[in-house]
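Visitor:
In this note's numbering, the protein residues as written are 7 to 302.
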């Protein structure tokens with residue numbers, strides 16, 4: 007991978023992570039994507055008096071969300087095929103049996119307290135605290151808007167995925183109370199933790215120049231999300247394949263929201279430089295040339 011281009015002077019903290027300018031699209035598909043979105047929102051903006059950058063955020067997340075939702079519905083069909091062929095699902099029962107064998111009354115209590123952080127109370131509280139602090143410190147509603155989009159999409163994908171798959175949870179005699187009654191696939195705790203905490207890490211890292219602090223934030227979130235998923239299997243509330251699906255779908259939706267934010271940053275900057283006159287932001291044109299350009 008080629009080195010990251012030097013950060014241009016005057017880039018706001020909220021539009022970069024370390025030396026990476028969020029408005030710099032280093033690959034040809036990335037530049038094509040942001041140019042296409044820009045042209046679409048220019049057309050929409052003529053009929054709808056709203057910030058083109060905000061329209062771009064809505065358009066990107068809506069289209070990306072539809073793709074992620076479609077992938078989730080497809081994953082439910084793939085899951086059925088996997089179960090029938092004894093693929094990855096063949097690990098479900100042995101992993102659960104190993105978890106049951108390792109339990110003690112004290113560990114069951116501790117892991118239950120931990121997994122509650124990813125539930126319908128714990129995760130919203132974490133999200134509200136994070137975005138409130140960031141919104142107040144940065145005097146911006148953007149963290150609130152991004153988290154609202156991310157959380158709403160995460161819940162929608164979880165609910166529809168469960169309804170379509172309708173997979174039964176592990177046997178109640180192998181689960182640690184309190185028991186849950188919704189369908190098992192995908193793991194909602196895992197998916198929501200991946201999205202909410204992943205976006206929180208992204209928002210916290212904006213403007214941070216020290217690599218050590220970014221690595222620390224990212225590492226804490228990764229450990230938490232992995233532990234949340236494994237705790238669901240260990241307690242007998244989900245099969246391993248439910249958790250794997252939660253991680254993958256959650257990462258896909260998180261990537262969609264982050265991409266939407268980057269498109270908004272790119273168009274915001276283009277509008278500041280030349281309001282409403284450009285469909286292709288200069289920053290996306292300036293990241294490479296036809297000959298000798300750097301691609302990743």
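All residues carry an ideal CB built from backbone N, CA and C; glycine is no exception. These numbers come from a predicted model, not from an experiment.
1. Between the region 23-40 and the region 221-235, are three or more C-beta pairs nearer than 8 Å?
2. At what residue ranges does the region 135-170 contain a whole run of the beta strand (DSSP E), taking only runs of 3 or more?
3. Let me see if you follow: with CB-CB separation under 8 Å, is residue 243 close to chain B or not?
4. Would you mind giving the Cβ-Cβ distance between residue 192 and residue 252, rounded to the nearest angstrom? I have them listed as a contact below 8 Å.
5. Would you please state the rounded distance, in angstroms, between the beta carbons of residue 242 and residue 180? I believe it to be under 8 Å.
6. Residue 160 and residue 256: beta carbons closer than 8 Å?
7. Name the residue from 259, 21, 123 and 136 whose alpha carbon lies nearest to the alpha carbon of residue 206.
8. Helix, strand or coil for residue 248, going by three-state DSSP, please let me know.
9. Between residue 106 and the rest of its own chain, which residues show a CB-CB distance below 8 Å, the 5 nearest in sequence each way excluded?
10. Since residue 66 contacts residue 201 with CB under 8 Å, what's their CB separation in whole angstroms?
11. Are residue 247 and residue 197 touching if we call contact CB-CB under 8 Å?
12. Take residue 167 as the anchor and find which of 99, 144, 130 and 77 has the nearest alpha-carbon.
13. Considering only residues of the same chain and omitting the five flanking positions on each side of residue 121, which have a CB-CB separation below 8 Å?
14. Residue 132 bridges to which residues according to DSSP?
15. Where residue 17 and residue 226 are concerned, what is the direct C-alpha to C-alpha distance, given to the nearest angstrom?
16. Evaluate residue 274 with the Cβ neighbour count: other Cβ atoms within 10 Å of its Cβ, from every protein chain shown; 16 or more gives buried, anything less gives exposed.
17. When DSSP labels each residue in this structure, what does residue 24 get in the three-state scheme?
18. Are residue 263 and residue 155 closer than 8 Å when you measure CB to CB?
19. Quick one: what does DSSP say residue 186 is sitting in, helix, strand or coil?
20. Under three-state DSSP, which class holds residue 215?
Guide: So, from the data block:
1. no
2. none
3. Of the protein chains in the structure, only one exists, and it is not chain B.
4. Looking up residue 192 in the chain shown gives position 186. Looking up residue 252 in the chain shown gives position 246. Confirmed, about 4 Å.
5. Taking the first residue of the chain shown as position 1, residue 242 is located at position 236. Taking the first residue of the chain shown as position 1, residue 180 is located at position 174. Indeed, because the Cβ distance is near 5 Å, the residues count as touching under 8 Å.
6. Here residue 160 corresponds to residue number 154 of the chain shown, with the count starting at 1. Here residue 256 corresponds to residue number 250 of the chain shown, with the count starting at 1. In contact: residue 160 and residue 256 (Cβ atoms closer than 8 Å).
7. Locating residue 206 in the chain shown gives position 200, counting from the first residue. The shortest Cα separation from residue 206 among 259, 21, 123 and 136 belongs to 136.
8. Working through the chain shown from its first residue, we reach residue 248 at position 242. Residue 248: helix per DSSP, three-state reduction.
9. The residue labelled residue 106 in the question sits at position 100 within the chain shown. Same-chain partners within the cutoff: 180 and 242.
10. Sequence index remark: in the chain shown, residue 66 carries index 60 (1-based). Sequence index remark: in the chain shown, residue 201 carries index 195 (1-based). Actually they do not touch by this definition, with Cβ atoms about 16 Å apart.
11. For this step, residue 247 is matched to residue 241 along the chain shown. For this step, residue 197 is matched to residue 191 along the chain shown. Not closer than 8 Å, so no.
12. In the chain shown, the residue the question calls residue 167 occupies position 161. Minimum Cα distance to residue 167 is reached at 77.
13. Position 115 of the chain shown, counted from the start, is the residue given in the question as residue 121. 195, 234, 237, 238, 241 and 243.
14. As a working note, residue 132 is residue 126 in the chain shown. Beta-bridge pairing links residue 132 to no other residue.
15. Position 11 of the chain shown, counted from the start, is the residue given in the question as residue 17. Position 220 of the chain shown, counted from the start, is the residue given in the question as residue 226. Their backbone Cα atoms lie some 27 Å apart in a straight line.
16. As a first step, residue 274 must be located in the chain shown, where it is residue number 268. Its Cβ being crowded by 16 or more others within 10 Å, residue 274 is buried.
17. What you label residue 24 is simply residue 18 of the chain shown in a count that begins at 1. The answer is coil: DSSP assigns residue 24 none of H, G, I, E or B.
18. Within the chain shown, the letter at position 257 stands for residue 263. Within the chain shown, the letter at position 149 stands for residue 155. Result yes, Cβ atoms of residue 263 and residue 155 sit closer than 8 Å.
19. Residue 186 sits at position 180 when you count from the first residue of the chain shown. Residue state, collapsed to three classes: coil.
20. Within the chain shown, the letter at position 209 stands for residue 215. Of the three classes helix, strand and coil, the one that applies to residue 215 here is coil, per DSSP.
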